[in-house]
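See below for the structure under consideration.
2 protein chains.
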Amino acid sequence: MRNVTEDTLTQAVLETISKDADPRFQEIMTGLVSHLHAFALETNLSKEEWLDAIEFLYQTGKKTTRNRNEFILLSDTLGLSSMVDMISSRGNDDATDVSVLGPFYIEGAPFIKNGGDLIADNTGQHTLVKGRISSTDGSPVPNALLDVWQNAENGKYSNEDPEQDDNNLRARLNAAEDGSYSFTTIRPTPYTVPEDGPAGVMLEAMGRHPWRPAHIHFKISADGFQDLITEIYPDDDEYIDADAVFGVRDSLAVSFKPVASEEDAAQYGIKSPFLTVEYDFRLRPV
Amino acid sequence: MRNVTEDTLTQAVLETISKDADPRFQEIMTGLVSHLHAFALETNLSKEEWLDAIEFLYQTGKKTTRNRNEFILLSDTLGLSSMVDMISSRGNDDATDVSVLGPFYIEGAPFIKNGGDLIADNTGQHTLVKGRISSTDGSPVPNALLDVWQNAENGKYSNEDPEQDDNNLRARLNAAEDGSYSFTTIRPTPYTVPEDGPAGVMLEAMGRHPWRPAHIHFKISADGFQDLITEIYPDDDEYIDADAVFGVRDSLAVSFKPVASEEDAAQYGIKSPFLTVEYDFRLRPV
Numbered sequence: 378m379r380n381v382t383e384d385t386l387t388q389a390v391l392e393t394i395s396k397d398a399d400p401r402f403q404e405i406m407t408g409l410v411s412h413l414h415a416f417a418l419e420t421n422l423s424k425e426e427w428l429d430a431i432e433f434l435y436q437t438g439k440k441t442t443r444n445r446n447e448f449i450l451l452s453d454t455l456g457l458s459s460m461v462d463m464i465s466s467r468g469n470d471d472a473t474d475v476s477v478l479g480p481f482y483i484e485g486a487p488f489i490k491n492g493g494d495l496i497a498d499n500t501g502q503h504t505l506v507k508g509r510i511s512s513t514d515g516s517p518v519p520n521a522l523l524d525v526w527q528n529a530e531n532g533k534y535s536n537e538d539p540e541q542d543d544n545n546l547r548a549r550l551n552a553a554e555d556g557s558y559s560f561t562t563i564r565p566t567p568y569t570v571p572e573d574g575p576a577g578v579m580l581e582a583m584g585r586h587p588w589r590p591a592h593i594h595f596k597i598s599a600d601g602f603q604d605l606i607t608e609i610y611p612d613d614d615e616y617i618d619a620d621a622v623f624g625v626r627d628s629l630a631v632s633f634k635p636v637a638s639e640e641d642a643a644q645y646g647i648k649s650p651f652l653t654v655e656y657d658f659r660l661r662p663v
Numbered sequence: 378m379r380n381v382t383e384d385t386l387t388q389a390v391l392e393t394i395s396k397d398a399d400p401r402f403q404e405i406m407t408g409l410v411s412h413l414h415a416f417a418l419e420t421n422l423s424k425e426e427w428l429d430a431i432e433f434l435y436q437t438g439k440k441t442t443r444n445r446n447e448f449i450l451l452s453d454t455l456g457l458s459s460m461v462d463m464i465s466s467r468g469n470d471d472a473t474d475v476s477v478l479g480p481f482y483i484e485g486a487p488f489i490k491n492g493g494d495l496i497a498d499n500t501g502q503h504t505l506v507k508g509r510i511s512s513t514d515g516s517p518v519p520n521a522l523l524d525v526w527q528n529a530e531n532g533k534y535s536n537e538d539p540e541q542d543d544n545n546l547r548a549r550l551n552a553a554e555d556g557s558y559s560f561t562t563i564r565p566t567p568y569t570v571p572e573d574g575p576a577g578v579m580l581e582a583m584g585r586h587p588w589r590p591a592h593i594h595f596k597i598s599a600d601g602f603q604d605l606i607t608e609i610y611p612d613d614d615e616y617i618d619a620d621a622v623f624g625v626r627d628s629l630a631v632s633f634k635p636v637a638s639e640e641d642a643a644q645y646g647i648k649s650p651f652l653t654v655e656y657d658f659r660l661r662p663v
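Here the protein sequences come in this chain order: A and B.
With our numbering, letter number 201 in the first sequence gets 578, and the count goes up by one each step, no holes.
With our numbering, letter number 22 in the second sequence gets 399, and the count goes up by one each step, no holes.
Here it is as structure tokens:
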């Protein structure tokens, strides 16, 4: 190994991976080492640039907490998260497209009844979201659990805004026996991903904007089906074709239709005019 | 962008890089995004594996301090640091090979005179290190500054061992007008890279050992020359061909020759028998 050169180093590192190691781990580390080395070779990475990268990772580690993961933000803004989503969706054409989980999910949101309300005292345009949960073959999935979260009118999620209650605009509800679900909320707003850390520095240096189109997050689970993690986006959002984390899919961009009906509004306990979103989710059997 | 697929996502991310961004940064980010995506695609990286990787990076960040950088340790153990060293040494055939800086360097070590001593009250085999500092054309480099550091007989560096003085086995000295230098020290010992963090978990999972062959670190600087960061290794070390961080080069593996001469030992104020290492460094003009 002491005669190693830049042409033989990659192979020398790969040869240290034991044949007795977990086969999948061998595969992943082989890919990682190969691409890491090829990246350095192709870009002729200098020692100063390497030191800058080490400092960037140091700062990323310092910025990361359990509630604010800067590594996820880097993965999201570099498109890696979406790539992983797409890979895991292969052969999934009849199921709803997945999208990024994002850094703002919190487990254990309060339960509301099907048809219930997330608006509480939030300002913003009242919105009725409804649809059905079915299997990829179209048959209804009974009693699926929907975990829903979104940002407030000021663009912030409850866990990045001390002014909001911890569970503001977060809820879990069970769809009906026939798969139907509905809830009332406000129209979510476009917002910038957190820019006060290394990811913000990176976006700035790349000359990129930090905006995400507005969206509502869904995590849907039901016995006998794979969990579905996705987002739906108002299709008239200003950033619908320029998402900083590459999460939009054509099938997830939906119309938030204005409805002016005092009667319909009263039925849902919201103000007219309001917006209606109809979205049917299709889950993939296990 | 909302019609993006796994075949078009990489290009979509690359197109967000502004043509007005720093050209070198464009190059580096293009390489990084391309290899990151190709790695995920080739390994069919699953969402669970991605989450494991995010958790690994989270733990790496938590373990990292200014005195113990786990990101550097990952770079070292994956061979990236050595690859960067080799890239920066291209066209450098007449200069001394570089090797890794490692995580234990501390700026501002105390000065000793040329010919001075690092042994103090350390146990270990007394060793005389001497040689010349010259330019790549062979002419002497006068008064070069040598920054020298190594581990103690117990395998630990002063900054990972509370039993050692902060500056134990660390010194700076100026070579003479004719380029000659010498100092006395103990023979360094093989040791394991820190295993109590994510890098240790990774090595274990890869079925790799954590040992480095013994070495003395040098950082040598002189007006008109590029800084040289390197290590010299006893060529009879048990791990000379199995360095966990891939730092050994054939030209840096040297003989630690036993000398049994009371007279020579007395001249240097050390005990007989002792070891002698002769090593000439060649610096690259700026």
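We treat Cβ as the ideally placed atom computed from N, Cα and C, and that holds for glycine.
Q | Per-residue contacts from residue 424 of chain A into chain B (C-beta, under 8 Å) | A | Going along chain B in sequence order, the residues near residue 424 of chain A (Cβ under 8 Å) are 461, 462, 465.
(Q) Using beta carbons (cut-off 9 Å, strictly below), is residue 421 of chain B in contact with chain A? (A) At least one CB atom of chain A sits nearer than 9 Å to the CB of residue 421 of chain B.
Q) Roughly how many angstroms lie between the CA atoms of residue 527 of chain B and residue 431 of chain A, to the nearest whole one? A) Just so you know, the alpha carbons of residue 527 of chain B and residue 431 of chain A end up roughly 23 Å apart.
**Q.** Outcome for residue 605 of chain A when other beta-carbon atoms lying within 10 angstroms are tallied against a minimum of 16
**A.** By the neighbour-count criterion, in which a residue is buried when 16 or more other Cβ atoms sit within 10 angstroms of its Cβ, residue 605 of chain A is buried.
Q. Which of helix, strand or coil does DSSP assign to residue 565 of chain A?
A. Taken through DSSP and simplified to helix, strand or coil, residue 565 of chain A comes out as coil.
Q. Below 9 Å between beta carbons: does that hold for residue 508 of chain B and residue 657 of chain B?
A. Their beta carbons are under 9 Å apart, which means residue 508 of chain B touches residue 657 of chain B by this criterion.
Q | Interface residues of the stretch 577–597 of chain A facing chain B [CB-CB below 7 Å] | A | Correct list: 582, 583, 584, 585.
(Q) Quick check: what's the CA-CA separation for residue 461 of chain A versus residue 451 of chain A? (A) Rounded to the nearest angstrom, the two C-alpha atoms are 14 Å apart.
Q | Given residue 663 of chain B as reference, the closest of B:472, B:381, B:484 once Cα atoms are compared | A | Looking at the Cα atoms, B:472 is the closest of the given residues.
Q.
Between residue 602 of chain A and chain B, is any beta-carbon pair separated by less than 9 Å?
A. Interface flag for residue 602 of chain A against chain B is unset, since no Cβ pair is found closer than 9 Å.
Q: Return the chain-ordered list of same chain residues with a C-beta closer than 6 Å to the C-beta of residue 468 of chain B, the five sequence neighbours on each side being excluded.
A: Once the five neighbours on either side are set aside, residue 468 of chain B has no close Cβ partner at all.
Q | Ordered list of alpha helix (DSSP H) runs contained in the stretch 450–535 of chain A, each at least 4 residues | A | Here the runs fully enclosed are 457–465.
(Q) For residue 517 of chain A and residue 379 of chain B, what's the separation of their Cα atoms in angstroms? (A) Between the alpha carbons of residue 517 of chain A and residue 379 of chain B lies a gap of roughly 28 Å.
Q: Pick out whichever of B:567, B:382, B:447, B:649 has its Cα sitting closest to the Cα of residue 503 of chain B.
A: It is B:649.
Q: Using only alpha-carbon positions, find the residue among B:624, B:591, B:495 that is nearest to residue 645 of chain B.
A: That would be B:495, whose Cα lies nearest to the Cα of residue 645 of chain B.
Q. Identify the residues that DSSP records as bridge partners of residue 611 of chain A: which are they?
A. Residue 611 of chain A is bridged to A:631.
Q: Could you list the residues in the stretch 602–619 of chain A with a C-beta less than 9 Å from some C-beta on chain B, going in chain order?
A: The stretch 602–619 of chain A vs chain B, Cβ under 9 Å: 606, 610, 612, 617, 618, 619.
Q. Residue 599 of chain A: which of A:629, A:580, A:630, A:660 sits nearest, CA to CA?
A. The option with the nearest alpha carbon to residue 599 of chain A is A:660.
Q: Can you grab the Cα-Cα spacing for the pair residue 444 of chain B / residue 529 of chain A, in whole Å?
A: Between residue 444 of chain B and residue 529 of chain A, the C-alpha separation is close to 42 Å.
(Q) Taking the alpha carbon of residue 589 of chain A as the reference point, which residue from A:595, A:562, A:620, A:478 has its own alpha carbon closest? (A) Distance from the Cα of residue 589 of chain A is smallest, within the candidate group A:595, A:562, A:620, A:478, for A:620.
Q: May I ask you to verify whether the stretch 473–485 of chain B touches the stretch 617–636 of chain B, counting CB pairs closer than 8 Å and requiring at least 3?
A: These segments touch.
Q: Express the C-alpha separation of residue 434 of chain A and residue 448 of chain B in angstroms, rounding to a whole number.
A: Computed Cα separation, rounded: 7 Å.
Q. Taking 9 Å as the CB-CB limit, is residue 481 of chain A close to chain B?
A. Closer than 9 Å: no.
Q | Whole-angstrom distance between residue 571 of chain A and residue 423 of chain A, CA atom to CA atom | A | Distance between the alpha carbons of residue 423 of chain A and residue 571 of chain A is about 29 Å.
Q: Spell out whether any CB of chain A is found under 9 Å from the CB atom of residue 398 of chain B.
A: Using a CB distance cut-off of 9 Å, residue 398 of chain B counts as an interface residue toward chain A.
Q) CB-CB under 7 Å to residue 638 of chain B, same chain, minus the five flanking residues each way: which ones, in chain order? A) Correct list, in chain order: 649.
Q | For residue 486 of chain B and residue 585 of chain B, believed in contact at Cβ under 8 Å, the rounded distance | A | Contact between residue 585 of chain B and residue 486 of chain B is ruled out by a C-beta separation of about 32 Å, above the 8 Å threshold.
Q) Are the beta-carbon atoms belonging to residue 454 of chain A and residue 579 of chain A less than 9 Å from one another? A) Cβ distance < 9 Å, so residue 454 of chain A and residue 579 of chain A count as in contact.
Q. Secondary structure at residue 546 of chain B, three-state DSSP: helix, strand or coil?
A. Residue 546 of chain B carries a coil assignment under DSSP once its states are collapsed to helix, strand and coil.
(Q) Can you confirm whether residue 526 of chain B, when its beta carbon is compared against all beta carbons of chain A, has any partner nearer than 9 Å? (A) No, residue 526 of chain B does not count as interfacial toward chain A.
Q. If we count the other Cβ atoms within 10 Å of its Cβ and call it buried at 16 or more, is residue 560 of chain A buried or exposed?
A. Buried, by the Cβ-count rule.
**Q.** Residue from B:389, B:597, B:383 whose Cα sits closest to the Cα of residue 523 of chain B
**A.** Of the candidates B:389, B:597, B:383, the one whose C-alpha sits nearest the C-alpha of residue 523 of chain B is B:597.
Q: Tell me, please, whether the CB atom of residue 502 of chain B is closer than 9 Å to any CB atom in chain A?
A: For residue 502 of chain B, the answer is no, since every Cβ of chain A falls outside 9 Å of its Cβ.
(Q) Using CA atoms only, rank isn't needed, just tell me which of A:511, A:465, A:544 is closest to residue 489 of chain A. (A) Looking at A:511, A:465, A:544, the one whose alpha-carbon comes closest to that of residue 489 of chain A is A:544.
Q) Cβ atoms of residue 647 of chain A and residue 630 of chain A: under 9 Å apart, would you say? A) It is not a contact, given that the beta carbons lie outside the stated cut-off.
Q.
Between the alpha carbons of residue 612 of chain A and residue 632 of chain A, how many angstroms are there, rounded?
A. C-alpha separation (whole angstroms): 6 Å.
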